[in-house]
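Letter 48 of the sequence shown, counting from 1, is numbered 89 in my numbering, and no numbers are missing.
Cβ atoms here follow ideal geometry from the backbone N, Cα and C, with glycine treated the same way.
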Amino acid sequence: MTILPEPLEVWLCRFRFLDMPQVKKVRPAIILEADEGALVVVAVKVTSHGPRDELGEFEVVDLESAGLLKRSTVRCSQAIELPYSDLIRPIGKLAPVDAFSLVGALEEAGITRGPESR
(Lines of atoms letter the chains of each structure in order from A and count residues from 1; the text may use other names and numbers.)
(Lines give C-alpha, C1' and ligand atoms only; values in the text may rest on other atoms or scores of the structure.)
Protein backbone atom coordinates (compact mmCIF):
# COMPACT_ATOMS: atom_id res chain seq x y z
CA MET A 1 0.00 0.00 0.00
CA THR A 2 1.36 3.42 -0.97
CA ILE A 3 1.01 6.28 1.48
CA LEU A 4 0.24 9.54 -0.28
CA PRO A 5 1.44 12.81 1.27
CA GLU A 6 -1.11 15.35 2.49
CA PRO A 7 -0.71 19.08 3.21
CA LEU A 8 0.50 19.87 6.75
CA GLU A 9 2.06 16.43 7.20
CA VAL A 10 5.67 16.22 8.30
CA TRP A 11 7.73 13.73 6.28
CA LEU A 12 11.31 12.59 6.37
CA CYS A 13 12.70 13.49 2.95
CA ARG A 14 15.89 13.52 0.97
CA PHE A 15 16.20 17.30 0.81
CA ARG A 16 18.55 18.91 -1.71
CA PHE A 17 20.91 21.64 -0.59
CA LEU A 18 20.03 24.86 -2.42
CA ASP A 19 23.68 25.66 -3.16
CA MET A 20 24.59 22.03 -4.04
CA PRO A 21 21.57 20.34 -5.68
CA GLN A 22 23.46 17.08 -6.23
CA VAL A 23 23.80 16.66 -2.42
CA LYS A 24 20.82 15.45 -0.40
CA LYS A 25 20.32 15.32 3.36
CA VAL A 26 17.60 13.36 5.16
CA ARG A 27 15.57 15.86 7.14
CA PRO A 28 11.98 16.62 8.08
CA ALA A 29 9.91 18.72 5.71
CA ILE A 30 6.35 20.01 5.84
CA ILE A 31 4.21 19.15 2.84
CA LEU A 32 2.46 22.19 1.37
CA GLU A 33 0.99 20.59 -1.76
CA ALA A 34 1.03 17.17 -3.37
CA ASP A 35 0.46 16.55 -7.09
CA GLU A 36 -0.27 12.86 -7.67
CA GLY A 37 -0.27 13.31 -11.44
CA ALA A 38 3.21 14.82 -11.56
CA LEU A 39 4.40 12.77 -8.53
CA VAL A 40 5.87 15.85 -6.85
CA VAL A 41 5.27 17.70 -3.61
CA VAL A 42 6.00 21.26 -2.56
CA ALA A 43 7.59 21.25 0.88
CA VAL A 44 9.41 23.55 3.28
CA LYS A 45 12.55 22.75 5.19
CA VAL A 46 12.60 21.96 8.91
CA THR A 47 15.91 22.45 10.74
CA SER A 48 17.17 22.02 14.29
CA HIS A 49 18.83 25.44 14.11
CA GLY A 50 16.97 28.26 15.84
CA PRO A 51 15.02 30.90 13.95
CA ARG A 52 17.10 33.56 12.26
CA ASP A 53 16.11 37.19 11.94
CA GLU A 54 14.40 36.54 8.60
CA LEU A 55 10.83 36.63 7.37
CA GLY A 56 9.04 33.33 7.00
CA GLU A 57 10.57 31.41 9.91
CA PHE A 58 8.93 30.07 13.03
CA GLU A 59 9.68 27.61 15.79
CA VAL A 60 7.43 24.53 16.01
CA VAL A 61 5.45 24.59 19.27
CA ASP A 62 3.92 21.09 19.30
CA LEU A 63 6.91 18.88 18.54
CA GLU A 64 5.11 15.68 19.51
CA SER A 65 2.26 16.10 16.99
CA ALA A 66 4.78 16.97 14.29
CA GLY A 67 6.83 13.86 15.10
CA LEU A 68 9.92 15.96 15.77
CA LEU A 69 12.40 14.92 18.44
CA LYS A 70 14.08 18.25 19.16
CA ARG A 71 13.58 21.98 18.91
CA SER A 72 12.78 22.74 15.27
CA THR A 73 12.47 25.77 13.02
CA VAL A 74 10.48 25.91 9.79
CA ARG A 75 12.10 27.94 7.00
CA CYS A 76 9.36 28.91 4.56
CA SER A 77 11.79 30.88 2.41
CA GLN A 78 13.23 27.50 1.42
CA ALA A 79 10.18 25.95 -0.26
CA ILE A 80 11.18 23.35 -2.80
CA GLU A 81 9.58 20.89 -5.20
CA LEU A 82 10.49 17.29 -4.36
CA PRO A 83 9.78 14.17 -6.39
CA TYR A 84 7.81 11.48 -4.58
CA SER A 85 10.94 9.33 -4.78
CA ASP A 86 12.63 11.70 -2.27
CA LEU A 87 9.89 11.11 0.33
CA ILE A 88 10.86 8.49 2.90
CA ARG A 89 7.98 8.27 5.39
CA PRO A 90 5.50 10.43 7.30
CA ILE A 91 6.43 11.20 10.91
CA GLY A 92 3.62 13.51 12.06
CA LYS A 93 1.26 16.36 11.25
CA LEU A 94 1.33 20.00 12.29
CA ALA A 95 -0.91 20.87 15.23
CA PRO A 96 -3.41 23.70 14.61
CA VAL A 97 -1.21 26.25 16.41
CA ASP A 98 1.73 25.41 14.13
CA ALA A 99 -0.46 25.27 11.01
CA PHE A 100 -1.58 28.82 11.82
CA SER A 101 2.07 29.89 12.20
CA LEU A 102 2.88 28.19 8.89
CA VAL A 103 0.25 30.18 7.00
CA GLY A 104 1.60 33.46 8.44
CA ALA A 105 5.20 32.50 7.70
CA LEU A 106 4.35 31.55 4.11
CA GLU A 107 2.71 34.96 3.64
CA GLU A 108 5.78 36.70 5.14
CA ALA A 109 8.08 34.77 2.79
CA GLY A 110 5.90 35.56 -0.23
CA ILE A 111 5.10 31.90 -0.90
CA THR A 112 1.73 31.61 -2.65
CA ARG A 113 1.51 27.81 -2.71
CA GLY A 114 0.34 25.66 0.14
CA PRO A 115 -2.37 25.79 2.81
CA GLU A 116 -4.99 28.48 2.36
CA SER A 117 -4.05 31.91 3.64
CA ARG A 118 -5.91 33.50 6.51
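Mind the definition here: the region 89–97 touches the region 136–144 only if three or more C-beta pairs lie below 8 Å; say whether that holds.
-> no
Does the separation of the CB atoms of residue 82 and residue 46 fall below 7 Å?
-> Reading the sequence shown from its first residue, position 41 is the one you call residue 82. Reading the sequence shown from its first residue, position 5 is the one you call residue 46. A contact, by the Cβ cut-off of 7 Å.
Would you please state the rounded distance, in angstroms, between the beta carbons of residue 123 and residue 113? I believe it to be under 8 Å.
-> Locating residue 123 in the sequence shown gives position 82, counting from the first residue. Locating residue 113 in the sequence shown gives position 72, counting from the first residue. Not confirmed; about 18 Å, so no contact.
Mind checking who residue 65 pairs with in its DSSP beta bridge?
-> In the sequence shown, residue 65 corresponds to position 24, counting from 1. Answer is 57.
Through-space distance from residue 67 to residue 58, alpha-carbon basis | Here residue 58 refers to the residue found at position 17 of the sequence shown. Here residue 67 refers to the residue found at position 26 of the sequence shown. Cα to Cα, residue 58 sits roughly 11 Å from residue 67.
Note the first and the last residue of the continuous alpha helix (DSSP H) segment covering residue 131.
-> Taking the first residue of the sequence shown as position 1, residue 131 is located at position 90. Unbroken run through residue 131 is the beta strand (DSSP E), 128–134; no alpha helix (DSSP H).
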